[in-house]
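Peer 1: In terms of the working numbering, the sequence shown is residues 4 to 353. Virtual Cβ for every residue (Gly too), placed ideally from N, Cα, C. Here it is, the structure in full.
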Amino acid sequence: MKVLSLVGARPQFIKEAVLHKEFEKAGIQEILVHSGQHYDFNMSDVFFQVLEIRKPDYYLSVGSGLHGEMTGKIMIEFEKIVLEEKPDVILVYGDTNTTLAGAIVGAKLKIPVAHVEAGLRQEPKDMPEEINRVLTDRVSKYLFCPTQLAVENLKKEGIEQGVYFVGDVMYDLFLMMKPLFKYDVYESASLEEGKYIVMTLHRDFNVDNKEKFEKILKEVAKVAEKVKVVFPVHPRTRKRISEFGLDEYLKDILVIEPIDYLNLMGLVEKSWKVITDSGGLQKEAYFAGKRAVVVMPDSGWRELVETGWNILADGEGIYDAVFSSEEKRYPTGLYGNGDAGKRIVEILKQ
4 MKVLSLVGAR PQFIKEAVLH KEFEKAGIQE ILVHSGQHYD FNMSDVFFQV LEIRKPDYYL
64 SVGSGLHGEM TGKIMIEFEK IVLEEKPDVI LVYGDTNTTL AGAIVGAKLK IPVAHVEAGL
124 RQEPKDMPEE INRVLTDRVS KYLFCPTQLA VENLKKEGIE QGVYFVGDVM YDLFLMMKPL
184 FKYDVYESAS LEEGKYIVMT LHRDFNVDNK EKFEKILKEV AKVAEKVKVV FPVHPRTRKR
244 ISEFGLDEYL KDILVIEPID YLNLMGLVEK SWKVITDSGG LQKEAYFAGK RAVVVMPDSG
304 WRELVETGWN ILADGEGIYD AVFSSEEKRY PTGLYGNGDA GKRIVEILKQ
């Protein structure tokens, strides 16, 4: 059996690396194609080292560009590789232009497409990622869902064939990396376990609009009067704070340089709560047993909000969300048992 995996962004490389280990164990040949959609990869990245992420067998050098141009270039180059390699399955991940391009090529050439992270849905419906994931789900033969809610989303759209709840590959990764978590920042800042909040902000809709960003920082400044807030600040976010003259709101906040995944997870693991607009961190907080206030109008991980574990607070309402007195029992098993990679490979092998 031969699998052709197409990736184009760092998170996809990481998910592919988790699956690659399972393919190797199962004796399945996997060919890796990198579209080059996001081409600035740091091979000293902790994931590349720990997961031993390999160099791609093919590199398409697409780079950035307009959506149609990028998707079209990937399709043209990827189709040549598919015709040459003649795989049994084409594997795509998530919701990028690379994902959609690979799915269309596979469907047109009548090669089964497997979509890892199928069934996620998010408002607004016209965002590029939402368009990519909906269209990819339409043409995929194997739809590997990270949550039961994703299965339900597909059912509502009339898609029930080839749908599998396997859990989230990122949970596999979290458990794999947990023994390596670092506590350098936690120790150097003399933080107390359970007595601080970790905050990250980087989304354009939060930090690129002065009025919106000021509202967010005002709310967080109120929070910081009661509990310590640790803020690893994204370079773009720092630039906006300076540009908009919003430094006054940071006086009670512990602002630090961006930190790597292992130190960030160490910080989260010992925190009280998390404030974030990161799609990944809101879920990793859950993996670590911490509740998050999500600074977004909607979340791709709606099950965390629907169970009441995470709270949406789009700008205003952050203070109230943080200090919500409502206790919640930890909702177990939302993302499987940490064996998503193994289950995906078993299904494909069958």
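1. Can you tell which of V201, D255, E214 has its C-alpha closest to the C-alpha of A224?
2. Quick one: grab the DSSP three-state call for V21.
3. Could you spell out the range, first to last residue, of the alpha helix (DSSP H) harbouring R136?
4. Express the C-alpha separation of S67 and H23 in angstroms, rounding to a whole number.
5. Take R243 and list the residues in its own chain whose beta-carbon comes closer than 7 Å to its own, dropping the five residues that flank it on each side.
6. Quick one: residues in its chain with C-beta nearer than 6 Å to the C-beta of Q125, no 5 flanking neighbours on either side, listed in chain order?
7. Evaluate contact between the stretch 310-319 and the stretch 257-273, counting only Cβ atoms and requiring at least three cross-stretch pairs below 8 Å.
8. With H, G and I counted as helix, E and B as strand and the rest as coil, what does DSSP make of T99?
9. Name the one or two DSSP bridge partners that S8 has.
10. Applying the 10 Å Cβ sphere with the 16-neighbour rule, what's the burial state of M299?
11. Return the Cβ separation of G11 and T99 in integer angstroms, given the expectation that the two are a contact with Cβ distance under 8 Å.
12. Do you know how far the Cα of K273 is from the Cα of T335?
13. Report the residue ranges of all alpha helix (DSSP H) runs contained in full by the stretch 243-314; include only those spanning at least 4 residues, in chain order.
14. Straight-line CA distance for D250 to Y322?
15. According to DSSP, simplified to helix, strand and coil, what is K231?
16. Is DSSP giving A117 helix, strand or coil here?
Peer 2: Well, looking at it:
1. The residue with the shortest Cα to Cα distance from A224 is D255.
2. V21: helix per DSSP, three-state reduction.
3. Counting along the chain, the alpha helix (DSSP H) containing R136 begins and ends at 131-142.
4. C-alpha separation (whole angstroms): 26 Å.
5. Correct list, in chain order: V210, D211, F216.
6. So the list reads E133, D301, G303, once near-sequence residues are dropped.
7. With the rule of 3 Cβ pairs closer than 8 Å, the stretch 310-319 does not count as touching the stretch 257-273.
8. Of the three classes helix, strand and coil, the one that applies to T99 here is coil, per DSSP.
9. Paired residue(s): L35, L94.
10. Around the Cβ of M299, a 10 Å sphere holds 16 or more other Cβ atoms; the residue is buried.
11. Between T99 and G11 the Cβ distance is about 5 Å, and since that is below 8 Å, they are a contact.
12. Between T335 and K273, the C-alpha separation is close to 19 Å.
13. Taking 4 residues as the minimum length, the alpha helix (DSSP H) runs contained wholly in the stretch 243-314 are 264-272, 282-290, 305-309, in order along the chain.
14. Each residue's Cα considered, the two are about 19 Å apart.
15. Strand at K231.
16. Strand.
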